[in-house]
Amino acid sequence: MYRKEFYKKGREAPLKLSRPRLPLMIFLLMILGSLLVGFLVIYEIVATHSRGEYLRLENRFIKIDLPRNWFVYSWKTENSTGDIYNVFLTPPNLLSAIIFKIHDEKATQNFMKEYNLTDALSVATFEIERVYNWTQSKNENASIIFEETGEIELFKKQAGYSKIIVKDGIETDGKFYDMSFLMMSYIQNQKLVEIAFWGKKEDCEKMSDLFETILNSTEIRM
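Numbering (the working numbering), first residue to last: -9 to 212.
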């Protein structure tokens, strides 16, 4: 079960971070470009698993319940570096998203080696760093106004997490807004699982309880 209690207190900190390649945010924006097509494909799967106001996405990688009016895009990448199964969820009227990434053993090994990562917590902080670097590439005045890193109970496992709030970190309708980004990760059976909760700060706050409900309905199948 996902719990909100964190073991390590956050701190306010202006932070200068290194700039790795292929920021996660660019990847998310690429996903948004084909979101509707993906929803139409996956809807045929989840529509047969209706649960009142929720639909269920269930396969050999994941079981998850989501509100009926949400968009969902699910896909798997396969190449010589390993396989990664991805799920992208977003509500229709808020600028926010939930992302799941499930790596197989080979993908986990290559990812950790490529970026010199040692454990689940280092994965979470790494993803936070490259998202922050992406925001600065879009707005040099963007700055971290809140940072929190530590451990959390997730699916009855200890996971690493890192969260930032970036002032003027996201742009929509020609205006900049504060951005919230939470990354959680854990490794089980040598397989890495990443879960991100990202978006406009006030929209993420509106979605906070629903995010918890969705996580508590989720089963990751390793």
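A virtual CB, placed ideally from N, CA and C, is assigned to each residue, including glycine.
Computed from a predicted model, the values in this text were never measured in an experiment.
What number of angstroms, rounded off, separates the C-alpha of residue i from the C-alpha of residue j?
| i | j | result |
| --- | --- | --- |
| residue 204 | residue 133 | 30 Å |
| residue 157 | residue 202 | 24 Å |
| residue 53 | residue 208 | 6 Å |
| residue 110 | residue 128 | 28 Å |
| residue 216 | residue 46 | Nothing can be reported for residue 216: it is not among the residues displayed for the chain, which extend from -9 to 212. |
| residue 90 | residue 189 | 15 Å |
| residue 199 | residue 48 | 22 Å |
| residue 93 | residue 183 | 6 Å |
| residue 123 | residue 71 | 25 Å |
| residue 24 | residue 138 | Any reading at residue 24 needs caution, since the residue's pLDDT is 43, under 50, leaving its predicted position unreliable; the model's value is listed next. Roughly 32 Å separates the two Cα atoms. |
| residue 196 | residue 57 | 15 Å |
| residue 210 | residue 113 | 18 Å |
| residue 79 | residue 61 | 6 Å |
| residue 185 | residue 173 | 6 Å |
| residue 51 | residue 140 | 26 Å |
| residue 187 | residue 73 | 22 Å |
| residue 130 | residue 121 | 13 Å |
| residue 63 | residue 142 | 27 Å |
| residue 55 | residue 106 | 34 Å |
| residue 77 | residue 83 | 19 Å |
Rank the options by C-alpha distance to the C-alpha of residue i and give the top, closest one.
| i | options | result |
| --- | --- | --- |
| residue 135 | 143, 154, 54, 81 | 154 |
| residue 191 | 55, 209, 177, 167 | 167 |
| residue 178 | 159, 212, 61 | 212 |
| residue 65 | 112, 75, 85, 43 | 75 |
| residue 163 | 42, 99, 85, 172 | 85 |
| residue 193 | 106, 88, 51 | 88 |
| residue 161 | 185, 44, 126 | 126 |
| residue 175 | 148, 42, 78, 195 | 148 |
| residue 59 | 43, 187, 50, 186 | 43 |
| residue 101 | 206, 69, 146, 131 | 69 |
| residue 145 | 206, 55, 63 | 206 |
If you count every other CB in all the chains shown that lies within 10 Å of the CB of residue i, and 16 or more means buried, which is it?
| i | result |
| --- | --- |
| residue 150 | buried |
| residue 67 | exposed |
| residue 119 | buried |
| residue 81 | buried |
| residue 1 | In this predicted model, residue 1 has a pLDDT of only 38, less than 50, meaning its place in the structure is not dependable enough to derive any value. |
| residue 108 | exposed |
| residue 159 | buried |
| residue 104 | exposed |
| residue 117 | buried |
| residue 31 | In this prediction, residue 31 has a pLDDT of 40, which is less than 50 and means its spatial position is unreliable; nothing more can be read from the coordinates. |
| residue 38 | Summary for residue 38: the model assigns pLDDT 46, below 50, so the residue's position carries little reliability, and this model does not support an answer. |
| residue 13 | Since pLDDT at residue 13 reaches only 40, below the 50 mark, its modelled position is unreliable, and the value read off the structure follows with that caveat. So residue 13 ends up on the buried side. |
Name, in chain order, the residues that DSSP records as bridge partners for residue i.
| i | result |
| --- | --- |
| residue 178 | 181 |
| residue 86 | 189 |
| residue 64 | 77 |
| residue 104 | Its beta-bridge partners do not exist; DSSP assigns none. |
| residue 159 | Per DSSP, none; premise fails for residue 159. |
| residue 92 | 75, 183 |
| residue 148 | 143 |
Our contact map puts residue i next to residue j with C-beta atoms below 8 Å; I'd like the distance itself, whole angstroms only.
| i | j | result |
| --- | --- | --- |
| residue 278 | residue 115 | There is simply no residue 278 to check, as the chain begins at -9 and stops at 212 in what is shown. |
| residue 98 | residue 165 | That belief does not hold up - the Cβ atoms of residue 98 and residue 165 are roughly 39 Å apart, past 8 Å. |
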